[in-house]
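For the sequence shown, the residue numbers in my numbering are 452 to 935. Notes follow the structure.
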Amino acid sequence: MTDTLPRVKTYQQSIGGAWVDSASGETLPVENPANGEVIAHVQASGPEDVDRAASAAALAFQEWQHTTPQDRSLLMLKLADAIEAKVDELGRLESQNAGKPVGAAIEEIPVVVDNLRFFAGAGRVLEGKAANEYVAGHTSLIRREPVGVVASIAPWNYPIMMAGWKIGPALMAGNTVVLKPSIRTPLTALVLAEIAADILPPGVLNVITGTGAAIGDALVAHPKVGMVSVTGDTDTGKRIARTAADQVKRLHLELGGKAPVVVFDDADLDAVIDNLKTFSYYNSGQDCTAPCRVIAGPKVYDRFVADLAGQVKTIKWGDPSEGDDIEMGSLIAGAQADKVEGMVKRADRGPGGAEIVAGGHRPDRPGAYFEPTVIAGPDQKSEIVQDEVFGPVVTVQRFKDEDQAVAWANDVRFGLAASVWTADVGKAMRVAKAIQFGTVWINDHFTLVSEMPHGGFKESGYGKDQSMYAIEDYTVVKHVMIKL
Ligand code: NAD
452 MTDTLPRVKT YQQSIGGAWV DSASGETLPV ENPANGEVIA HVQASGPEDV
502 DRAASAAALA FQEWQHTTPQ DRSLLMLKLA DAIEAKVDEL GRLESQNAGK
552 PVGAAIEEIP VVVDNLRFFA GAGRVLEGKA ANEYVAGHTS LIRREPVGVV
602 ASIAPWNYPI MMAGWKIGPA LMAGNTVVLK PSIRTPLTAL VLAEIAADIL
652 PPGVLNVITG TGAAIGDALV AHPKVGMVSV TGDTDTGKRI ARTAADQVKR
702 LHLELGGKAP VVVFDDADLD AVIDNLKTFS YYNSGQDCTA PCRVIAGPKV
752 YDRFVADLAG QVKTIKWGDP SEGDDIEMGS LIAGAQADKV EGMVKRADRG
802 PGGAEIVAGG HRPDRPGAYF EPTVIAGPDQ KSEIVQDEVF GPVVTVQRFK
852 DEDQAVAWAN DVRFGLAASV WTADVGKAMR VAKAIQFGTV WINDHFTLVS
902 EMPHGGFKES GYGKDQSMYA IEDYTVVKHV MIKL
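What follows is the structure, given as structure tokens:
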């Protein structure tokens with residue numbers, strides 16, 4: 452019987468330039484959430500594997516830190532080229548592992564490539580401040596030193612893209628890395644390690660695969676790990692921060708989001724709806740910057756709700772293998788669909804209260820699906836407005852005036868991304884200043900670019916991804932004073 456089942460690949464971990472099994476010999480299955488099928492097995496790392504990986508990274512750091520920016524840049528460019536040569540393979544694997552539409556998954560890979568190319572260049576112009584004599588007879592200069600070994604902990608929503616955001620600046624700053632992808636989506640990170648094995652010196656990039664529960668604390672607390680960079684849930688970030696506090700370890704935290712979309716009465720409504728139809732439901736809404744919390748002006752609210760609901764009902768969703776025209780795939784797992792379903796049910800208070808005007812159901816079919824959903828009129832204090840759904844759900848609220856719009860936008864514990872939609876430049880700039888979010892788009896929402904920083908205010912964390920600021924985050928400032 453077993454012989455007739457299709458065989459799936461068992462991946463090893465990449466530690467110190469070698470491919471190794473977990474110390475326990477145990478493996479874990481990896482599923483395709485679009486249909487629940489097991490598509491691979493990976494090593495179930497334990498604390499012993501963490502120790503091997505951190506030690507390998509610490510050993511590699513001894514030489515890597517002394518390579519020149521040019522040396523590192525040339526290797527980073529080679530890595531980007533090698534990833535580019537596998538765009539299709541990586542995109543398809545990501546689609547299979549994360550339930551994303553194939554086209555969308557493939558489109559993510561050139562973004563990773565561009566990011567690595569940006570960091571290959573940016574790492575060469577990383578600088579300390581100009582030297583000067585601030586005390587007579589003494590010259591001061593600033594150096595930016597690498598931290599050492601960075602534990603890079605990635606989430607499941609954009610597995611290889613988040614891996615790229617982490618390894619690009621960390622390696623270019625002269626650090627070595629232990630990358631821990633989410634156990635739900637480890638496959639593209641392992642292929643990345645395969646690609647890197649031909650390019651980077653052994654131990655510079657190590658990839659281990661374990662659950663947060665099994666190896667999270669061991670990795671964060673490992674004495675050879677100098678810095679922890681995590682993209683994940685805010686509760687995960689808090690737990691990591693508590694563990695890291697014992698050794699006053701450096702942290703880079705990219706956590707949850709709950710992005711407001713402030714739509715004034717003079718906004719181009721068609722443009723807003725067009726944007727939301729694509730980006731609120733992109734990646735099934737499992738995006739920390741997803742435009743998910745519309746705060747609409749009193750005059751346009753009714754038309755906005757009706758038009759958005761009408762458009763959202765046309766989104767073609769389903770198993771990505773059903774065809775290239777699938778616009779929205781599955782959620783990452785049944786547990787995530789449970790979470791979304793629970794929050795939507797609790798939000799639905801019917802006419803007079805919050806009302807589901809599109810979607811709202813979990814379809815009865817295999818795989819982790821939830822319909823693209825719009826909820827009109829929830830209370831500002833309600834769970835659906837305050838907490839991250841991380842699913843294909845948009846809420847729409849009606850504000851009275853600009854002050855209330857700003858107050859509501861800020862009245863959540865998150866502060867990652869937001870957008871303001873208006874034809875009035877002055878109003879746009881006033882609101883952009885007043886709202887506490889790391890990225891504010893005006894008449895747009897979602898576009899990111901390698902040169903500009905991405906990161907949060909408040910419980911969305913601290914530290915920036917992308918841009919020069921990211922490389923700086925992976926360094927320690929040192930003052931060197933020379934007595935003349
Ligand atoms: P998660 O918090 O469940 O897991 C993130 C990573 O942390 C995984 O690799 C996980 O194994 C690991 N982890 C879990 N417990 C740990 C522990 N105790 N110690 C060390 N590591 C541990 O997050 P997720 O569900 O994979 O991703 C979704 C979350 O990520 C959402 O909250 C989303 O907003 C956030 N996110 C934020 C950004 C951003 O840029 N701010 C980007 C993408 C996703």
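Don't be surprised by glycine CBs; every beta carbon is placed ideally from N, CA and C. Bear in mind that the values here come from a model prediction, so they are computed numbers and not experimental data.
Per DSSP, the continuous alpha helix (DSSP H) segment holding Val876 begins and ends at 876–885. In the three-state reduction of the DSSP assignment, Leu704 falls in the strand class. For Ile835, the enclosing alpha helix (DSSP H) begins and ends at 834–837.
When Glu773, Ala549, Ile766, Val863 are compared, the shortest CA-CA separation from Pro823 is found for Ile766. By the beta-carbon neighbour count (other beta carbons within 10 angstroms, threshold 16), Tyr585 is exposed.
If you ignore the 5 residues before and after Val844, its C-beta comes within less than 7 angstroms of the C-beta of Gly736, Cys743, Val791, Val795, Thr824, Ile826, all in its own chain and listed in chain order. Taking each of Glu853, Asn861, Gly769 in turn and checking the Cα distance to Asp875, the smallest one comes out for Glu853. In this structure, the alpha-carbon of Ala741 lies about 45 angstroms from that of Ser591. By the Cβ neighbour-count rule, Leu706 is buried, with 16 or more other Cβ atoms within 10 Å of its own. Here DSSP, grouped into helix, strand and coil, assigns Gln917 to coil. Non-local beta-carbon contacts of Lys851 in its own chain, meaning distances under 7 angstroms to residues more than five positions away in sequence, involve Pro749 in chain order.
For Thr685, the enclosing alpha helix (DSSP H) covers residues 685–696.
Contact between the segment 898–915 and the segment 704–723 is present: 3 or more CB-CB pairs across the two stretches fall below 8 angstroms. Leu630: member of the beta strand (DSSP E) spanning 627–631, first to last residue. Distance from the CA atom of Phe821 to the CA atom of Pro552, rounded to whole angstroms, is 15 angstroms.
Distance from the Cα of Ile783 is smallest, within the candidate group Asp738, Val756, Leu759, Ala798, for Asp738.
Distance from the Cα of Val489 is smallest, within the candidate group Gly550, Leu528, Pro520, for Gly550. Spanning the alpha carbons of Ile659 and Arg813 requires a straight line of approximately 34 angstroms. In the three-state reduction of the DSSP assignment, Glu822 falls in the coil class. Residue state for Lys617 is assigned as helix, using DSSP reduced to three classes. In this structure, the beta-carbon distance from Met613 to Thr685 does not fall below 9 angstroms.
Linking Ala798 to Gln848 through their CA atoms gives a straight-line distance of about 13 angstroms. The beta carbon of Ala869 sits no closer than 8 angstroms to any heavy atom of the ligand NAD. For Ala718 and Met880, the gap between their C-alpha atoms comes out near 14 angstroms.
Here Asp916 is buried. Its C-beta has 16 or more other C-beta atoms within 10 Å.
Per DSSP, reduced to three states, the secondary structure at Val642 is helical.
Contact between Ser603 and Ser680 is confirmed by a C-beta separation of about 5 angstroms, below the 8 angstroms threshold.
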